[in-house]
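Peer 1: Residue numbers (the working numbering), protein chains in the order written: chain A, 1 to 246; chain B, 1001 to 1317.
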Amino acid sequence: MKILVCISHVPDTTSKINFTDNDTKFDTNGVQFVINPYDEFSLTRAMWFKEKQGASVTVVNVGGAETEPTLRKALAIGADDAIRVNAVPTDGMLVAKELAEVVKNGGYDLVLAGKESADYNGQMVPGMLASLLDFNFVNGCVGLEVEGTSATLEREIDGGEEKVSSTLPLVVAGQKGIVEEKDLRIPNMRGIMMARKKPLNVVEPTSSSAATSTQSFEKPAPKGDVKLVDNVDDLINLLHNEAKAI
Amino acid sequence: MSVLVFADSSEGKFKKTAYEVVSYGKKVAEQLGTNVVALTVNGGDASELYTYGAEKVVEVKNDLTSFNAKGYAAIIKQVAEAQSANVVVIDSSVDGLTVAPLVAVGLEAGYASNVVEAPSSTNPFVVKRKAFSNKGFNNTEILTDKKVIGVAKNSYGAHENPVSGTSEAFDASLPELGVSSVSIDKATGKVTIADADVVVSAGRGLKGPENWGMVEELADVLGAATACSKPVSDLGWRPHSEHVGQTGKPVASNLYIAIGISGAIQHLAGVNASKVKVVINNDPEAPFFKAADYGIVGDAFEVVPQLIEKLKAFKQS
């Protein structure tokens, strides 16, 4: 089985979110970038298939050279090789089209991604990729087993879970549950040393064009101070009359 | 030209978000000077959608007993083409978020998800989207002729706007479905976090799973869903399905009550789309107070039972 894991390069959760250039760009100043946490769950599941079922695992990112440390970290966790598509990821459709080329050229059977990226939270790319490739698609995956060319999956639905079956090729958008948090791996020194020698291939993009463009960013309006009350009568009164929440 | 809205349902009943997207579609149709058409797949009674402004409801009835990504994407595409829809509006239920990217590819449309307001302009077509776990917004122009808009939960809201609508049946052809449903495990009779107007959530401050009785009772009184912080689900005190926060479920309720949750940044990222946040915590330094609207500094084991009692009286009055 050939697995491709899509990796987004995103600001660490604790980052301060600011914008520059007249609010048209995300301010990367002082921001630490990491593997998108949702992708990390899927990558960790891919490692299990590598170790137990002999799958090969390639990681891919669409982005500039600044994303390479994030791909190296994925290699240190255990991926075999990495591909960076040298394009600015301006829009989900553009990224999905570039990834579709990588999948076609590499002949992957199983594409794993996170259900969303922790920066733009778009939840777009995995579904678009599946549709462009005419692969099956399972979103919000919290359990994945593969035997030969058939997969059994659990996915989260509103108010519960659904067990589904699918054949490969397949795109899976995973989240916590596809592996548990305790299963996530911190790269050890050996992994980091080996990652330096693993192939990281840079490919040039096709001429995919974006379907949307960001005009500007905004920060949320500043929140007023918390109103502290010392009894529940006041709280109920405020929630009813002021907040109109009950 | 028209605006097509996919009104999602579950077991023959419309989801709350169906009314929100019909309201949103009605607004966009007004802005564009055109009509709104709602699409239902094995959905509820069309007249419920007339209430929110749907002039026409296209009803697809078939053998799909549950959601299927390829199947639903094919249906939405066929109806969008039959209705000459330039804009397709989809909700942010799990189904909506799953199908929308497939619809966008099928229609060669630009897709903007997490949209929180009506378009600020329709030429160019610009929508405001939430991003960065609600720490920022992104004003996005959709560049293509056809557009897919994913409306964020509980943001634009449902607005009654009764019209005398008409409904018609549509016979959609289904592709090979690819993924098949084996079984569905759903808690019955419980308010889900996704649908709830009110969410009552508790953290490690409750000291142990045996103390969740009062959380459930408070949720009962308020018709709320119960939720928990990450440490609580990691410790196995509550099921993972209740974990809300960045890697858990997102919450966008009207009212979010956090009991004994300190407010780690990852937790706040997942819940700060809620409109009103109440924090009950005995530590006045808990970071959650800074993100809250109302707070009580006090022992949950004293405050919560009082709150239950007073709310019961309030609900009866």
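Even glycine gets a Cβ: it sits at the ideal position worked out from N, Cα and C.
1) Who are the neighbours of B:E1141 on chain A, taking C-beta pairs under 7 Å?
2) For B:P1101, which residues in chain A fall below 7 Å Cβ to Cβ?
3) Please compile the residues from chain A whose C-beta is within a distance smaller than 9 Å of the C-beta of B:D1195.
4) Along chain A, which residues have their Cβ under 7 Å away from the Cβ of B:K1186?
5) Just tell me which of A:Q53, A:H9, A:D27, A:G30 has its CA closest to the CA of A:E254.
6) When you compare the CB of A:H47 with every CB in chain B, is at least one pair closer than 8 Å?
7) Mind listing the chain A neighbours of B:K1290? Cutoff is C-beta to C-beta under 8 Å, in chain order.
8) Residues of chain B with CB closer than 9 Å to the CB of A:E181, please, in chain order.
9) Taking any Cβ of chain D, which residues in the stretch 1255-1270 of chain B have a Cβ under 9 Å from it, in chain order?
10) Give me the Cβ distance between B:Y1156 and B:Y1294, rounded to the nearest whole Å; I'm assuming they're in contact under 8 Å.
11) On the DSSP letters alone, give me the boundaries of the alpha helix (DSSP H) that A:Q53 sits inside.
12) Counting only Cβ pairs nearer than 9 Å, list the residues of chain B close to A:D230.
13) Alpha carbon to alpha carbon, how far is A:M194 from A:E180? Give it in angstroms, no decimals.
14) Look at the Cβ atom of B:I1149, then the Cβ atom of B:S1201, and state whether they are nearer than 8 Å.
15) Taking only beta-carbon positions, decide if A:D21 is within less than 8 Å of chain B.
16) Look up A:T70 in the DSSP assignment and say whether it is helix, strand or coil.
17) Report the option in B:K1290, B:F1289, B:D1283 whose CA atom is closest to the CA atom of B:D1299.
18) Bridge partners of A:V85, per DSSP?
19) In terms of alpha-carbon separation, which member of A:I7, A:N136, A:G107 lies closest to A:V62?
20) Just checking my contact of B:I1184 with A:G160 at CB under 8 Å: how many whole Å lie between their CB atoms?
21) Hey, would you say B:G1071 sits closer than 8 Å to B:G1044, going by beta carbons?
22) Give, in chain order, every residue of the stretch 177-203 of chain A whose Cβ lies closer than 9 Å to some Cβ of chain B.
23) Leaving out the 5 sequence neighbours to the left and right, which residues in its chain are closer than 7 Å to A:P205 when beta-carbon positions are compared?
24) In angstroms with no decimal places, state the Cα-to-Cα distance between A:G140 and A:A96.
25) How many angstroms separate the CA atom of B:A1194 from the CA atom of A:Y38?
26) For the beta strand (DSSP E) holding B:G1256, just list the boundary residues, first then last.
27) DSSP on A:T20, reduced to helix/strand/coil?
28) Check for me: the alpha helix (DSSP H) holding B:P1287 runs from which residue to which?
29) Contact defined as beta carbons within less than 8 Å: I believe A:L71 pairs with B:V1278. What is the distance between those atoms, to the nearest angstrom?
30) What whole-angstrom Cβ distance do A:V232 and B:L1307 have, given they're in contact under 8 Å?
31) Out of A:P126, A:G78, A:V10, state which residue places its alpha-carbon closest to the alpha-carbon of B:A1131.
32) Cutting at 7 Å between CB atoms, please list the residues of its own chain near B:E1160, excluding the five before and the five after it.
33) Which same chain residues end up closer than 7 Å to B:T1122 when comparing Cβ atoms and leaving out the 5 residues on each side of it in sequence?
34) Going by the CB atoms, is the gap between B:L1311 and B:L1235 shorter than 8 Å?
35) In chain A, which residues lie less than 9 Å from B:F1301 when you measure between Cβ atoms?
Peer 2: Judging by the given coordinates:
1) Neighbours of B:E1141 on chain A, chain order: T212, S213, Q215.
2) By Cβ distance, chain A contributes M124, G127, M128, S131.
3) Within chain A, the residues near B:D1195 are D158, G159.
4) Correct list: G159, G160.
5) The structure shown does not extend to residue 254 of chain A, since chain A is modelled only from 1 to 246, so the question has no answer here.
6) Note that residue 47 of chain A is Met in the sequence shown, not His. Answer no: the Cβ-Cβ gap between A:M47 and chain B never drops below 8 Å.
7) The CB of B:K1290 comes closer than 8 Å to the CB of V226 in chain A, given here in chain order.
8) Within chain B, the residues placing a beta-carbon under 9 Å from that of A:E181 are K1230, D1234, T1247, ordered along the chain.
9) Reference to chain D is not applicable here, since the protein chains of this structure are A and B.
10) In fact, because the Cβ distance is near 25 Å, the residues do not count as touching under 8 Å.
11) 37-53 is the span of the alpha helix (DSSP H), which, as asked, contains A:Q53.
12) Simply I1296, V1297, G1298.
13) A:E180 and A:M194: Cα-Cα distance of roughly 25 Å.
14) Between B:I1149 and B:S1201, the CB-CB gap reaches or exceeds 8 Å.
15) Chain B contact via Cβ: absent.
16) Helix, per DSSP.
17) Closest option to B:D1299, judged by alpha-carbon separation, among B:K1290, B:F1289, B:D1283: B:D1283.
18) Listed as beta-bridge partners of A:V85 by DSSP are A:V62, A:V203.
19) Out of A:I7, A:N136, A:G107, A:I7 has the C-alpha closest to the C-alpha of A:V62.
20) At roughly 6 Å, the Cβ-Cβ gap stays under 8 Å, so B:I1184 and A:G160 are in contact.
21) Contact annotation: B:G1071 and B:G1044 have beta-carbon atoms that are not nearer than 8 Å.
22) Along the stretch 177-203 of chain A, going in chain order, the ones with a CB nearer than 9 Å to a CB of chain B are G177, E180, E181, K182.
23) Within the same chain, A:P205 has close Cβ partners V85, N86, A87, E98.
24) For A:G140 and A:A96, the distance between alpha carbons rounds to 18 Å.
25) The straight-line gap from Cα to Cα measures roughly 19 Å.
26) Rather than Gly, the amino acid found at residue 1256 of chain B in this sequence is Tyr. First-last of the beta strand (DSSP E) with B:Y1256: 1255-1259.
27) Here A:T20 carries a strand assignment [DSSP, helix/strand/coil].
28) First-last for B:P1287: undefined, no H or E at that position.
29) Incorrect: roughly 43 Å between the Cβ atoms, too far for contact.
30) Indeed, because the Cβ distance is near 5 Å, the residues count as touching under 8 Å.
31) Here the closest residue by C-alpha is A:V10.
32) Answer for B:E1160: T1051, Y1052, listed in chain order.
33) Q1031, L1032.
34) No.
35) Against B:F1301, chain A offers no close residue; the least beta-carbon distance is about 13 Å (beta-carbon pairs closer than 9 Å).
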